[in-house]
Structures are given as C-alpha cells and as structure tokens.
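Just so we're aligned, residue 1 is where the sequence shown starts under this note's numbering, counting upward by one. The beta-carbon is built from N, C-alpha and C at its ideal position, and this holds for glycine as well. In this text the structure is predicted, and so the values were computed from the model without any measurement. The block underneath contains the structure these notes are about, expressed in structure tokens.
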Amino acid sequence: MKIAIDGPAGAGKSTIAKLLAKKLGILYLDTGAMYRAVGLKAIENGVDVTDETAVKKMLDSTTVDVKSEEGVQHVYLDGKDVTGKIREHRVSKAASDISAVPCVRYKMVDLQREIAARCDTVLDGRDIGTFVLPNAEYKIFLTASVAERARRRYEELKAKGEECTLESVASDIEKRDYNDSHRALAPLRKADDAVEIDTTDLSIEEVADKITALIGGRI
Ligand code: DC
C-alpha cells in the first residue's frame with residue numbers, strides 16, 4: 001500500500017503522514033528532506049542553485065540516504081547525519097530552488113521510488129500523487145490558508161530558537177508556494193484523483209479521522 005500526501009508548506013503533511021505511518025505500522029518517507037539535504041550542500045559549498053551545470057557537477061559527487069531509526073527518519077548527506085541541520089530556515093528556499101533543477105529531481109525521485117518499492121509506505125511531498133507514484137492507492141492533498149500555514153511554521157521556528165517574524169515567514173511561504181507550483185518539471189499540483197482536505201480550522205486528530213475514514217477504517 002502506498003499513501004501519497006501532497007500539498008504546500010505548512011499544510012500539516014509531515015505531522016499527519018508520521019501519525020498515519022505509526023498507526024498503520026508502515027514506513028514514513030519525507031521526500032522534502034531529500035531536497036533539503038541537496039539544498040544544504042549547495043549552501044555549504046557556495047553553489048548557485050539556479051546554475052544547472054554547477055548543480056549537476058555537485059550532484060555527481062553527492063549521496064543522499066534516508067534511514068528509519070527507531071521510527072524517526074534520519075537523512076544522511078555524503079554519509080553525515082544532517083537531520084537537524086536541514087530544518088534550518090535558510091535551507092527551505094535553497095531546497096525549493098534546487099528541486100526545480102531536473103537532474104536533482106530525477107535522482108531524488110529514483111531514490112523515492114526505490115524506497116517505496118520495498119514496503120508499504122506513506123510519502124509526503126509535492127509531486128507524489130502526480131509524478132513519483134501516480135498509481136498510489138490513496139492520494140491526499142492537504143491545504144490551509146497562508147496565514148495559518150505561516151503561523152504554524154513561525155511557532156515551529158520560534159520553538160527551535162530561530163530569529164524570524166511572522167511577516168517574513170508568511171512572505172517566504174508565499175514565495176515558496178509560487179516557486180513550487182510554477183516549475184516546469186513535476187510542479188506542486190493536486191492529482192485529479194486526490195482527495196483535498198483544507199486543514200485551516202481542523203485539529204490533527206480531525207484530519208487523521210478524515211483520512212482514516214478514507215482508507216476504510218484500516219487504522
Ligand atoms: O516539504 P518541505 O517543505 O520540507 O520541502 C522543501 C522543498 O522541497 C519544497 O519547497 C519543494 C521541494 N519538494 C519538492 O519539490 N518535491 C517534493 N516531493 C518534496 C519537496
């Protein structure tokens with residue numbers, strides 16, 4: 001069984017996907033973490049994320065691995081655990097920009113398909129239902145208002161001690177939405193057969209209940 005959960009930043013994808021995977025006892029794969037790892041490498045090496053040739057050169061000597069350790073996804077970049085580092089705010093834009101470079105997407109999508117082929121998996125991302133696994137049994141598209149998504153992201157960043165304002169987080173989210181939904185290859189888009197859930201006024205439990213009902217009480 002494959003469950004695809006797509007949607008823009010801050011819609012609640014990872015919280016819900018983690019919860020579902022735990023309840024179902026299946027693997028959770030956070031695909032955004034992979035693009036974040038590549039984005040982090042570009043930042044650390046001063047590579048221009050819009051320069052396809054430079055990105056390709058960097059990518060040829062880059063390995064990204066994901067491992068589930070005690071139910072938590074760890075991301076390894078060239079063998080180093082970067083699980084915490086990829087969540088820094090500065091990495092979000094680099095991840096969005098670099099994910100638009102075709103060679104990056106093809107390499108990450110191959111890896112995602114390879115991992116998902118091994119076992120039952122819940123994947124979250126932007127293009128799971130449309131591009132990575134178009135035949136997934138269940139497709140969910142989560143949305144929420146920009147104000148609510150910015151509020152959630154702001155609280156998360158604050159809790160981690162990052163300096164930011166609600167306005168700057170909202171503006172970054174809007175720019176990332178635009179970037180992610182306007183790239184040429186596999187843009188953020190609801191699959192025609194995905195069920196859309198607006199999480200703006202819903203609690204995590206309410207969203208989980210809706211998805212549970214959709215999956216037919218398997219949870
Ligand atoms: O889910 P996230 O915010 O951690 O993802 C970071 C960026 O990675 C996001 O802005 C766009 C990109 N991404 C993507 O293009 N395709 C995916 N399946 C997942 C993420």
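Asked                                                                                                       : Found
heavy atom of ligand 1 below 7 Å from T53 C-beta                                                            : no
Residues sharing a beta bridge with S68, DSSP                                                               : Q73
Whether A94 touches A42 by CB criterion (8 Å)                                                               : yes
Collapsed DSSP secondary structure at K85 in the structure displayed                                        : helix
Start-end ranges of the beta strand (DSSP E) lying completely within the segment 93–170, minimum 3 residues : 121–125, 138–143
Buried versus exposed call for S171 [16 or more other C-beta atoms within 10 Å across all chains shown]     : exposed
Start and end residues, beta strand (DSSP E) containing L27                                                 : 27–30
Distance CB(A9)-CB(R153) smaller than 8 Å                                                                   : yes
Buried or exposed by the 16-neighbour rule on C-beta atoms within 10 Å, applied to S99                      : buried
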